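Trainee:
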Amino acid sequence: MASFTNYSSQELRIVVVIASGLLIIAFLCHVPITGGVEVPNWGVKVGSRPPRCSVDKCFNCSPCMATLIAPIHQGKHKVSSYSQHDTYYLLAWKCKCHNKIYHP
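Here it is, written out as structure tokens:
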């Protein structure tokens with residue numbers, strides 16, 4: 001293992017500054033802020049909220065319910081019924097009635 005005497009004081013200062021900066025950033029990312037300021041939750045989220053699936057969204061099929069769908073990601077061969085928008089998101093809200101899925 002190399003000792004610190006092999007490095008110049010300039011190099012050691014750079015290492016200390018970088019390490020300190022990383023520690024400060026890590027500390028700020030994990031400390032909750034209180035006092036009336038709402039901190040955004042950067043956790044996993046899907047859309048803003050489920051769509052309002054009514055009978056007209058499912059072409060008069062009932063019960064029409066909101067459900068989360070993981071789109072099938074196509075490789076080189078794309079199915080023409082899927083648009084690029086359908087496979088962009090990892091999860092998407094759709095309306096479902098029995099075994100059929102409808103775009104809200």
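In terms of the UniProt record's numbering, the numbers along the sequence shown are unbroken and rise by one, the last being 104.
A virtual CB, placed ideally from N, CA and C, is assigned to each residue, including glycine.
Please read all numbers here as calculations on a predicted model, not as lab measurements.
(1) Can you grab the Cα-Cα spacing for the pair C64 / L90, in whole Å?
(2) Quick one: Cα of C53 to Cα of P104, how far?
(3) Considering only C-alpha positions, which residue in the set C61, R49, D56 and I101 is nearest to A70?
(4) What is the residue span of the beta strand (DSSP E) that Y102 lies within?
(5) Can you give me the C-alpha to C-alpha distance between A26 and S20, rounded to a whole angstrom?
(6) So, at 7 Å on beta carbons, what are the nonlocal neighbours of C97 in its own chain, with the 5 sequence-adjacent residues on each side left out?
(7) May I ask you to report which of helix, strand or coil DSSP gives L12?
(8) In the structure shown, what three-state DSSP assignment does A70 receive?
Mentor: If we stick to the structure as given:
(1) Start at 1 with the first residue of the sequence shown, and residue 64 comes out as number 64. Start at 1 with the first residue of the sequence shown, and residue 90 comes out as number 90. About 22 Å.
(2) In the sequence shown, counting from the first residue as 1, residue 53 sits at position 53. In the sequence shown, counting from the first residue as 1, residue 104 sits at position 104. About 7 Å.
(3) Looking up residue 70 in the sequence shown gives position 70. Cα-wise, what sits closest to A70 is I101.
(4) Position 102 of the sequence shown holds residue 102. Note, Y102: beta strand (DSSP E), K100 to Y102.
(5) Residue mapping note: residue 26 aligns to position 26 of the sequence shown, counting from 1. Residue mapping note: residue 20 aligns to position 20 of the sequence shown, counting from 1. Computed Cα separation, rounded: 10 Å.
(6) Here the question's residue 97 lines up with position 97 in the sequence shown. Only C58, C61, S62, P63 and C64 meet the Cβ criterion.
(7) The count along the sequence shown starts at 1 and reaches residue 12 at position 12. Three-state result, L12: helix.
(8) Mapped onto the sequence shown, residue 70 falls at position 70. Of the three classes helix, strand and coil, the one that applies to A70 here is coil, per DSSP.
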